[in-house]
Amino acid sequence: MPPRGARVEVPFGKRILVGVVHDHQPSSLKTLKPVKRVLDQAPIIDDRLYALCEWAAGYYHHPLGEVLNFVLPTLLRQGQAARPDAEIRWRITDRGRHVTTDRLKRAPRQQEALALLVEHPDGLTPAMLEALSVSRPALQALREKQWAEREELLPQVPPLPADVLAEPALSASPEQRLAIEAINQASGFQPFLLDGVTGSGKTEVYLQAMAPVLAAGRQVLVLVPEIGLTPQTLRRFRQRFAVPVTVMHSGLNDRERLEAWLAAGEGRARIIIGTRSAIFTPLQAPGLIIVDEAHDGSLKQQDGFRYHARDLATWRARQWNIPVVHGSATPALETLHLAHTDRYQWLRLRERAGGAALPDIELLDARDAAPDAPLLPSALTAIEDTVRRGEQALVFLNRRGFAPVILCRDCGWQAECPRCDSVMTWHRSLSQLRCHHCDHQQRVPRRCPECGSSNLIDAGAGTEKLEALLSDHCQAPVVRIDRDTTRRKGSLDAKLAEIRGGAPAVLVGTQMLAKGHHFPRLSLVVITNLDAGFLSADFRGPEQAAQLLLQVAGRAGRKDLRGRVLLQSRHTDHHLVRLAAAGDYHALADTLLEERRMAGLPPFGHLALLRCEAMSMDKALAFLDECAAPFLQHSNVDDDSVNLLGPAPAPMEKRAGRYRAQLLLQARQRPALHGVLDALVRHARGLPSARHCRWHVDVDPTEMV
486 MPPRGARVEV
496 PFGKRILVGV
506 VHDHQPSSLK
516 TLKPVKRVLD
526 QAPIIDDRLY
536 ALCEWAAGYY
546 HHPLGEVLNF
556 VLPTLLRQGQ
566 AARPDAEIRW
576 RITDRGRHVT
586 TDRLKRAPRQ
596 QEALALLVEH
606 PDGLTPAMLE
616 ALSVSRPALQ
626 ALREKQWAER
636 EELLPQVPPL
646 PADVLAEPAL
656 SASPEQRLAI
666 EAINQASGFQ
676 PFLLDGVTGS
686 GKTEVYLQAM
696 APVLAAGRQV
706 LVLVPEIGLT
716 PQTLRRFRQR
726 FAVPVTVMHS
736 GLNDRERLEA
746 WLAAGEGRAR
756 IIIGTRSAIF
766 TPLQAPGLII
776 VDEAHDGSLK
786 QQDGFRYHAR
796 DLATWRARQW
806 NIPVVHGSAT
816 PALETLHLAH
826 TDRYQWLRLR
836 ERAGGAALPD
846 IELLDARDAA
856 PDAPLLPSAL
866 TAIEDTVRRG
876 EQALVFLNRR
886 GFAPVILCRD
896 CGWQAECPRC
906 DSVMTWHRSL
916 SQLRCHHCDH
926 QQRVPRRCPE
936 CGSSNLIDAG
946 AGTEKLEALL
956 SDHCQAPVVR
966 IDRDTTRRKG
976 SLDAKLAEIR
986 GGAPAVLVGT
996 QMLAKGHHFP
1006 RLSLVVITNL
1016 DAGFLSADFR
1026 GPEQAAQLLL
1036 QVAGRAGRKD
1046 LRGRVLLQSR
1056 HTDHHLVRLA
1066 AAGDYHALAD
1076 TLLEERRMAG
1086 LPPFGHLALL
1096 RCEAMSMDKA
1106 LAFLDECAAP
1116 FLQHSNVDDD
1126 SVNLLGPAPA
1136 PMEKRAGRYR
1146 AQLLLQARQR
1156 PALHGVLDAL
1166 VRHARGLPSA
1176 RHCRWHVDVD
1186 PTEMV
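The sequence shown begins at 486 in my numbering and counts up one residue at a time.
So this is what it looks like as structure tokens:
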């Protein structure tokens, strides 16, 4: 009988599907079809990983079957064997060792192949043989004579090296040493917040904390928020450690992902570096979990199974009874609150490594700037002076394309997306208008569709316009890094390598450049267009804007150059803008935490969103009204109450051709919230109107739009 967590093939209508065994129960149903084939004799999802899936399915109110399907690599979902690719080796046989080459005078290719196999008793791989110009027919002929054999060798767990370090560790500062010792001395489950300013050497703390874990033969799981950070992290970890390192992210093909998944589960990989989905990787001997840039919103899945990898990392560490380290220069307010209340051990790195000073942030008043001038004259002059000194500058604008809108001067028409409540962005290099929400594309009109005027202009700026402007003004290369310029594999690495070369240059980029990158010759950062975050209707907007600002500012002056940051703002008198510009994230965080305490918002309360999409707004709102009706009595002022707010149209009412509405659930106590959610989800699934819309639950939402 297959165990729980094993895969089986089952008939489903006219199809044969791959399923995962959940339990065994007797049944009297005569129409129940038998399992067609058992694919695994042992669980492919072990007990601990299965328990994580069950907990996550319950907490995020998502079907367990879909969670299990999400966790399995694609090839395992398709029913392929759960074993790694074998390594092919051609070896000489005992009979072949006694063959003299004279017997192959009339077959020179076989003679050459036999001589090479004699010289390499451990065998040669097909790639090696191809490089040595050994033909396949010659090998096959030797095999038929039983003078050579083809072996398939499954990868084995490598022996632990005498020294796990491939290079010595760097000298640690007193603050770093205290953090490393605290992590190494942790016994069992212990969550840490490694709160260090940008450039304080958090990665070195990770590396030195990992060394004794690896030396004990255990594994380390490292989560990074984005694929862009994976190559540099991988490179640094491989330079430091003489143990196998593997990666897990969406950029891998199906075979690569399965190989990495199996290597981690079998213990062949000692360090596993991955993006958010890597939290579901099975480990044979877990010893430590590290969540780098733990504040980053990319750690939250925003579609389908909406989990948060940061929170699941803490749950897994508790399950495995091991330490977990959340590292950030700008910790999420929820994490800071856990540190304030001693539920996380708080490790502070207040100084930059090597004695480098934090950059000063200067506020530049942009209220009188022209709409088509993305850079103030003083900022442009500072950039020109920087490259003239042989240094590098970074101009940050979190907006792709050439201009965010095309409009008609005569009638005011704007190029709006026909499928979303949004204007389309002009990508001049592609001669296209694109919607960044649904990816609708169309040509740039030559005349206004409303009045026929040819007086069309672009308004605002994106990274493409900044690149063009700076190319005209600066006597140095301008390197643009955004999703449009890094689509091809390897393009991001090539651009980052060019920057790290140290030659004078101007970087133009979006939030892809905001975190984790070390550019030794970068001394100036210019930040534009961050005001919207501080004025956002979303209560998380100011927190996210401050995090982004300080992460970008932290790229400047990280080595022997003094850093300078220029923040262009049209709201220089706003108290949150001034707090962020002062560079003291914790002062701003304290202000925001107090505001949230008074409003009962996270971390002092708990939220969930029930979202609905339908072909009309009336249908979406009607469905949510039906969902909410039985639960309105919960809206009171008790500590155990759950307040239902809405339903109401989403801030962006129409997206990708569908109308969107949402119902917000707010509670002081988490159990009360989940109790109502359980009942609400059961009720929603039984409503006839559910067939006419798409809906989902988002627990602990990080985006309210």
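Cβ atoms here follow ideal geometry from the backbone N, Cα and C, with glycine treated the same way.
Taking C-beta separations shorter than 6 Å and ignoring five residues to either side along the sequence, the partners of HIS546 in its chain run LEU1162, VAL1166 and VAL1182, following chain order. In the same chain as LEU692, and ignoring 5 residues on each side of it, the C-beta atoms closer than 6 Å to its own belong to ARG725, in chain order. In the structure shown, the three-state DSSP call for HIS793 is strand.
Every unbroken stretch of the alpha helix (DSSP H) spanning 4 or more residues and falling wholly within the segment 978-1033 is given here in chain order: 1016-1019. Just measuring C-alpha positions, the residue of ASP895, ALA598, ARG574 and ALA536 sitting nearest THR585 is ALA598.
In terms of Cβ geometry, ALA982 and ALA961 do not form a close pair [threshold 8 Å].
Per DSSP, LYS687 is one residue of the alpha helix (DSSP H) stretching across 687-700. Assigned with DSSP and collapsed to three states, ILE891 falls in strand. In the three-state scheme derived from DSSP, where H, G and I count as helix and E and B as strand, LEU655 is classed as coil. With distances taken between CA atoms, GLU494 lies nearest to PRO519 out of PRO519, PRO1173 and LEU915. GLY608 and GLU636 do touch by the CB rule: their CB atoms are close to 7 Å apart, below 8 Å. With contact defined as three or more Cβ pairs closer than 8 Å, the segment 796-811 and the segment 636-653 are not in contact. Uninterrupted beta strand (DSSP E) stretches at least 3 residues long and entirely within the segment 934-959 occur at 941-944, given in chain order. By the 16-neighbour rule on beta-carbons within 10 angstroms, GLU604 is exposed.
Counting other Cβ atoms within 10 Å of its Cβ, CYS538 reaches 16 or more and is therefore classed as buried. The three-state reading of DSSP puts PRO1156 in helix, counting H, G and I together. Contact holds between the segment 775-785 and the segment 695-715, because three or more Cβ pairs, one in each stretch, are under 8 Å apart.
Nearest neighbour of THR826 by Cα position, chosen from VAL776, GLN1154, PRO676 and ALA878, turns out to be PRO676. For PRO488, the closest alpha carbon among the candidates ALA864, LEU524 and LEU1092 is that of LEU524. Collapsing the DSSP output to three states places ASP607 in coil. Assignment of THR559 by DSSP, reduced to helix, strand and coil, places it in the helix class.
Separation of LEU1148 and GLY498 (C-alpha to C-alpha, rounded to the nearest whole angstrom) is 37 Å. The C-beta of MET1083 has fewer than 16 other C-beta atoms within 10 Å across all chains shown, which makes the residue exposed. For ARG621, there is no enclosing beta strand (DSSP E); the enclosing alpha helix (DSSP H) covers residues 621-629. In the displayed model, ARG761 falls within a helix according to three-state DSSP.
Per the C-alpha coordinates, the member of LEU1077, LEU1046 and ASP1045 positioned closest to HIS1060 is LEU1077.
Cβ-Cβ separation between ALA1107 and ARG1145: approximately 14 Å, too far for a contact (criterion under 8 Å). The beta-carbon distance between THR799 and VAL809, rounded to whole angstroms, is 6 Å. This is short enough to meet the 8 Å contact definition. Cβ atoms of LEU768 and LEU1052 stay farther apart than 8 Å, at about 43 Å. DSSP places GLU539 outside any beta strand (DSSP E); the residue lies instead in the alpha helix (DSSP H), whose first and last residues are 532-544.
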